[in-house]
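Asks: Residue numbers (this note's numbering): 22 to 621. C-beta: ideal position from N, C-alpha, C; glycine also. Since we're looking at a predicted model, the values are computed, not measured. Questions regarding the structure given below will be posed in turn.
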Amino acid sequence: MVDATHVPESPTQMSPSLPSRQEIQSTQNLIEQLEYELKQIRISIAREQRRQTTRLKEEHENWAPIIQDAKARLAEGAPVSATEELKALEEEENQGRTAIRQEFKQRTASLMEKQSAVEAELAKQKSFLASVRKVDEDALLEIFDHFVYTGGSPWVLAHTCSRWRSVVLSSKQLWSGILITTNIDSEVERRLEGKEVCNSLPRLERAIQRVGDAPIDLAISLNWSHAALDVQSTLAMITRITETCNHWRTLHIENSEKVLDGDYVFPAGTFDQGLPNVTQVSFHMQHHVHGNSSKGLLPFRELIDAIERTAEKLHAAHFHGFGHNELTDAYFSSPTRIEDLSLIHVEPRYIRRGYRALLDACPTSRAGWRYASFAGVAEFRLDSAREASFGFIVPSRRITLHGDIHEALRETVLSDIRILDIVTTSPLKLPHQLHLPRVYQLSVYSEELEDLRFIHAPNLDNFRIGLSSKELHHIHASMLALEGLWNRGTAPRPVRVSFEGIGVSGAMLRKLSTNNGRLEHVRLVDVTFERRGALLGLTEAAWLKSVEIVFTDQLDVGRVDNLSTDIRTLMLTRKESDVKLKRITLTHGTEEEVFTPDTI
22 MVDATHVPES
32 PTQMSPSLPS
42 RQEIQSTQNL
52 IEQLEYELKQ
62 IRISIAREQR
72 RQTTRLKEEH
82 ENWAPIIQDA
92 KARLAEGAPV
102 SATEELKALE
112 EEENQGRTAI
122 RQEFKQRTAS
132 LMEKQSAVEA
142 ELAKQKSFLA
152 SVRKVDEDAL
162 LEIFDHFVYT
172 GGSPWVLAHT
182 CSRWRSVVLS
192 SKQLWSGILI
202 TTNIDSEVER
212 RLEGKEVCNS
222 LPRLERAIQR
232 VGDAPIDLAI
242 SLNWSHAALD
252 VQSTLAMITR
262 ITETCNHWRT
272 LHIENSEKVL
282 DGDYVFPAGT
292 FDQGLPNVTQ
302 VSFHMQHHVH
312 GNSSKGLLPF
322 RELIDAIERT
332 AEKLHAAHFH
342 GFGHNELTDA
352 YFSSPTRIED
362 LSLIHVEPRY
372 IRRGYRALLD
382 ACPTSRAGWR
392 YASFAGVAEF
402 RLDSAREASF
412 GFIVPSRRIT
422 LHGDIHEALR
432 ETVLSDIRIL
442 DIVTTSPLKL
452 PHQLHLPRVY
462 QLSVYSEELE
472 DLRFIHAPNL
482 DNFRIGLSSK
492 ELHHIHASML
502 ALEGLWNRGT
512 APRPVRVSFE
522 GIGVSGAMLR
532 KLSTNNGRLE
542 HVRLVDVTFE
552 RRGALLGLTE
562 AAWLKSVEIV
572 FTDQLDVGRV
582 DNLSTDIRTL
592 MLTRKESDVK
602 LKRITLTHGT
612 EEEVFTPDTI
């Protein structure tokens, strides 16, 4: 029988690597022994419980006649002393039963403790044979790499079990993320973030030792607005990490307003060996704090020069919050190979000039664009533009110009863009046609939509149009603009369309349907129908499969009935078509109704 308090060394204690056949067999034998012992312990516990039940029954049978006799005498009118005698007898019986229970509790306590120990050890040994333990190290590393790449911390993996810890600590690429920060309160974040948080030189040394010669994804946060390191300690860490610059893969720098023009973070000569493996860089600069403008990229002139000179693998650069009064400053040197730009600024004229300067400096970037977004605003309307773009465009995917939308489009090479978002709080009127030969997804959001005939997108699949204004004349103008759009022979022929806040007429939907043999899905959000029956303009959409109608607010009963009637009519009209209209949903407020051919 196995002693559960001292279990022999098991394979789980022997090796953190993939178990061998011998280790598996040894574990299976140990599991059989533990299961047998657990069975015997449970039999012993059950036997003791039966004995206790028998003893309690015997105790009751011994006292029952005596107590019954005392109760009979009390019923016949015995003196008061008989009552006291009965209470004493019952109390004595209870004490006897309690003593029996206590005796058996003490006798089974050691058995219960032993049972818990064996159960725990049995679970431990069975876990050794779990499927996850059959996964080899290469497969584990693939899983771990994905976990860390998506923001998970290697520390979480390292504290799961001894085998995982061994695998994690032996893998250099899992420790690629390093964050150098001036914040001395970052200890708690160390185990939660995907990056090793370093706010001291010893911690940085440990991080560098772990990553070895693997690529480094470096982030540097220079922020002295909280409890922070002194400048000398920070400089010591930066000097040390620059010794590994040959291994940098990505670089992100956050700079506060306290890093002034004269504070060169990277001294001259730091990057003489270049940055041959950097693929992405991003700079986040603070603007104006306490009346002083940030120096933006000036403290990083040595780094910028090194990127421009040696970063042959660079394909993405992101700049947020320039602080220069003049973006053509000699030290504002842009990288030479950029496919994805992110420019955000509070002064539109600076953005336009900076954007133009970047295009001039890196003409090869134009051919690499996959998507672009433009937000055009009039003066003092930046907040409204940001609000308009929120939820309409994916922020992480855009080139953003806060300035004149016409100027931005005119200056941009659009021949290779696949996804285009246009957001403007000013009237959208372009003086010439916008040729978008490769765009398959187009979103337009404006305060006024009076003429959309400038759009020429022959390969458009997804078309989304939104109107921010609630003015009736703007809603009516948007309806006419869409009617005019599909009057042309070169009108877009999207598979999916979404109309938000615009005016919708039967004529517009009819032209959309008859001039487009590809239309499959239509979404109408908070639209204004010109008149009852306008929805029936979709009758001629031969390939239409679904329609979604959404109103943010609850509709009155009359409007719901009218829309329901139109929906049923449309569904019945299309019931015999070769391509069935499978589903129409009507949502208003918290209410939703689904119409299908089977429910009509």
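Indicate whether the contact test is met: 3 or more Cβ pairs, each with one atom in the segment 166-177 and one in the segment 76-84, closer than 8 Å.
Replies: With the cut-off at 8 Å, the segment 166-177 and the segment 76-84 do not touch.
Asks: Just to confirm my understanding: we take PHE616, look at its own chain, exclude 5 residues before and 5 after, and list those with CB closer than 6 Å. What are they?
Replies: Position 595 of the sequence shown, counted from the first residue, corresponds to residue 616. Taken in chain order, the residues that qualify are ILE588, MET592, ILE605.
Asks: Cβ of ILE274 less than 8 Å from any chain D Cβ?
Replies: Given the protein chain composition of this structure (a single chain), no chain D is represented.
Asks: What are the start and end residues of the beta strand (DSSP E) that includes ARG604?
Replies: What you label residue 604 is simply residue 583 of the sequence shown in a count that begins at 1. ARG604 -> beta strand (DSSP E) spans 604-609.
Asks: Skipping 5 residues on each side, what residues in its chain have a beta carbon closer than 6 Å to that of SER519?
Replies: Within the sequence shown, the letter at position 498 stands for residue 519. For SER519, where only same-chain residues beyond five positions count, the Cβ hits under 6 Å are ARG485, ARG544.
Asks: Do you know offhand how far SER315's Cα is from ILE274's?
Replies: Here residue 315 refers to the residue found at position 294 when the sequence shown is read from its first residue. Here residue 274 refers to the residue found at position 253 when the sequence shown is read from its first residue. Low local confidence applies: a pLDDT of 43 at SER315 is under 50, so the model's placement there is unreliable, with the coordinate-based value given in what follows. Distance between the alpha carbons of SER315 and ILE274: 14 Å.
Asks: What do you reckon, are the CB atoms on ILE201 and ILE241 nearer than 8 Å?
Replies: In the sequence shown, counting from the first residue as 1, residue 201 sits at position 180. In the sequence shown, counting from the first residue as 1, residue 241 sits at position 220. Their beta carbons are under 8 Å apart, which means ILE201 touches ILE241 by this criterion.
Asks: Between the beta-carbon of ALA512 and the beta-carbon of GLU471, is there less than 8 Å?
Replies: The residue given as residue 512 occupies position 491 in the sequence shown. The residue given as residue 471 occupies position 450 in the sequence shown. For ALA512 and GLU471, no; Cβs fall outside 8 Å.
Asks: Can you tell me whether ALA512 is helix, strand or coil according to DSSP?
Replies: Here residue 512 refers to the residue found at position 491 when the sequence shown is read from its first residue. DSSP places ALA512 in coil when its eight states are reduced to three.
Asks: In whole angstroms, what separates the C-alpha of GLU614 from that of ILE523?
Replies: Position 593 of the sequence shown, counted from the first residue, corresponds to residue 614. Position 502 of the sequence shown, counted from the first residue, corresponds to residue 523. The alpha-carbon atoms of GLU614 and ILE523 are separated by roughly 23 Å.
Asks: If you draw a straight line from the C-alpha of LEU132 to the C-alpha of SER65, how long is it?
Replies: Residue numbering aside, residue 132 sits at position 111 when the sequence shown is read from its first letter. Residue numbering aside, residue 65 sits at position 44 when the sequence shown is read from its first letter. If you take the alpha carbons of LEU132 and SER65, they lie about 8 Å apart.
Asks: State the beta-bridge partners of ASP238 as determined by DSSP.
Replies: Here residue 238 refers to the residue found at position 217 of the sequence shown. GLY198, THR271, per the DSSP bridge assignment.
Asks: Where are the beta strand (DSSP E) runs, 3 residues long or more, that stay fully inside the segment 52-99, in chain order?
Replies: If we require 3 residues or more, the segment 52-99 turns out to have no beta strand (DSSP E) run fully inside it.
Asks: Identify whether LEU455 lies in helix, strand or coil by the three-state DSSP scheme.
Replies: As a working note, residue 455 is residue 434 in the sequence shown. Looking at LEU455 - three-state DSSP - the assignment turns out to be strand.
Asks: Our contact map puts GLY527 next to ALA555 with C-beta atoms below 8 Å; I'd like the distance itself, whole angstroms only.
Replies: On the sequence shown, position 506 is the one that residue 527 refers to. On the sequence shown, position 534 is the one that residue 555 refers to. Contact flag correct, Cβ pair sits at about 4 Å.
Asks: Decide if ASP442 is buried, meaning its Cβ has at least 16 other Cβ atoms within 10 Å, or exposed.
Replies: Residue 442 sits at position 421 when you count from the first residue of the sequence shown. Buried, since its Cβ has 16 or more Cβ neighbours within 10 Å.
Asks: Take the Cβ of ILE87 as the centre, count every other Cβ of all protein chains shown within 10 Å, and call the residue buried at 16 or more, exposed below.
Replies: By one-based count along the sequence shown, residue 87 stands at place 66. Looking at its Cβ environment, which holds fewer than 16 other Cβ atoms inside 10 Å, ILE87 is exposed.
Asks: Just the Cα atoms here: how many angstroms apart are ILE438 and ARG224?
Replies: Taking the first residue of the sequence shown as 1, we reach residue 438 at position 417. Taking the first residue of the sequence shown as 1, we reach residue 224 at position 203. Going from the Cα of ILE438 to the Cα of ARG224 covers about 44 Å.
Asks: If you reduce the DSSP assignment to three classes, tell me which class GLU614 lands in.
Replies: Locating residue 614 in the sequence shown gives position 593, where the first residue counts as 1. DSSP places GLU614 in strand when its eight states are reduced to three.
Asks: I'd like to know whether the C-beta atoms of ARG270 and GLY295 end up nearer to each other than 8 Å.
Replies: Sequence index remark: in the sequence shown, residue 270 carries index 249 (1-based). Sequence index remark: in the sequence shown, residue 295 carries index 274 (1-based). Their beta carbons are not under 8 Å apart, which means ARG270 does not touch GLY295 by this criterion.
Asks: Between the segment 479-493 and the segment 451-466, do at least 3 Cβ pairs fall closer than 8 Å?
Replies: As far as the Cβ criterion goes, the segment 479-493 touches the segment 451-466, which means the pair count is three or higher.
Asks: Between which two residues does the beta strand (DSSP E) containing VAL299 stretch?
Replies: Taking the sequence shown and counting its residues from 1, the one referred to as residue 299 is at position 278. Here VAL299 belongs to no beta strand (DSSP E), and DSSP marks it neither H nor E.
Asks: By Cβ distance, which residues of its chain are closer than 8 Å to THR104, with the 5 residues on each side in sequence left out?
Replies: Along the sequence shown, read from residue 1 onward, the residue named residue 104 stands at position 83. Taken in chain order, the residues that qualify are LEU95.
Asks: At the level of alpha carbons, what is the spacing between SER534 and VAL571?
Replies: Locating residue 534 in the sequence shown gives position 513, counting from the first residue. Locating residue 571 in the sequence shown gives position 550, counting from the first residue. SER534 and VAL571: Cα-Cα distance of roughly 20 Å.
Asks: Tell me where the beta strand (DSSP E) around GLU521 begins and ends.
Replies: Walking along the sequence shown from the start, residue 521 turns up at place 500. 517-521 is the extent of the beta strand (DSSP E) around GLU521.
Asks: Quick one: residues in its chain with C-beta nearer than 6 Å to the C-beta of VAL188, no 5 flanking neighbours on either side, listed in chain order?
Replies: As a working mapping, residue 188 is identified with position 167 in the sequence shown. The residues are GLU158, LEU161.
Asks: With DSSP collapsed to three states, give me the class of TYR170.
Replies: Working through the sequence shown from its first residue, we reach residue 170 at position 149. TYR170: helix per DSSP, three-state reduction.
Asks: Checking 8 Å against the spacing of the C-beta atoms, do ALA683 and GLN194 come in under that value?
Replies: With the chain covering only 22 through 621, there is no way to say anything about residue 683.
Asks: Measure the CB-CB distance between VAL156 and SER197 and report whether it falls below 8 Å.
Replies: What you label residue 156 is simply residue 135 of the sequence shown in a count that begins at 1. What you label residue 197 is simply residue 176 of the sequence shown in a count that begins at 1. Cβ distance not < 8 Å, so VAL156 and SER197 don't count as in contact.
Asks: Please state the DSSP three-state secondary structure of CYS266.
Replies: Numbered from 1 along the sequence shown, position 245 holds the residue referred to as residue 266. Residue state, collapsed to three classes: helix.
Asks: Starting from SER467, follow the beta strand (DSSP E) in both directions and report where the run begins and ends.
Replies: Within the sequence shown, residue 467 is the residue found at index 446, counting from 1. Start and end: 462-467.
Asks: To which residues of the same chain is LYS566 closer than 8 Å at the C-beta, ignoring the five residues directly before and after it?
Replies: Translated into positions along the sequence shown, residue 566 becomes position 545. Excluding residues within five positions, the ones whose Cβ falls inside 8 Å are GLU541, HIS542, VAL600, LYS601, LEU602, LYS603, ARG604.
Asks: Just to confirm, are ASP574 and HIS609 a CB contact at a threshold of 8 Å?
Replies: Counting from 1 along the sequence shown, the entry for residue 574 is found at position 553. Counting from 1 along the sequence shown, the entry for residue 609 is found at position 588. Yes, Cβ-Cβ distance for ASP574 and HIS609 is below 8 Å.
Asks: Span of the alpha helix (DSSP H) holding ARG184?
Replies: What you label residue 184 is simply residue 163 of the sequence shown in a count that begins at 1. Where ARG184 is concerned, the enclosing alpha helix (DSSP H) stretches over 183-191.
Asks: Whole angstroms are fine: how far does the CA of ASN536 sit from the CA of VAL460?
Replies: Along the sequence shown, read from residue 1 onward, the residue named residue 460 stands at position 439. Along the sequence shown, read from residue 1 onward, the residue named residue 536 stands at position 515. If I take the Cα positions, the gap works out to 19 Å.
Asks: Per DSSP, ASN483 is paired with what?
Replies: Within the sequence shown, the letter at position 462 stands for residue 483. Looking at the DSSP assignment, ASN483 forms a beta bridge with GLN462, ARG517.
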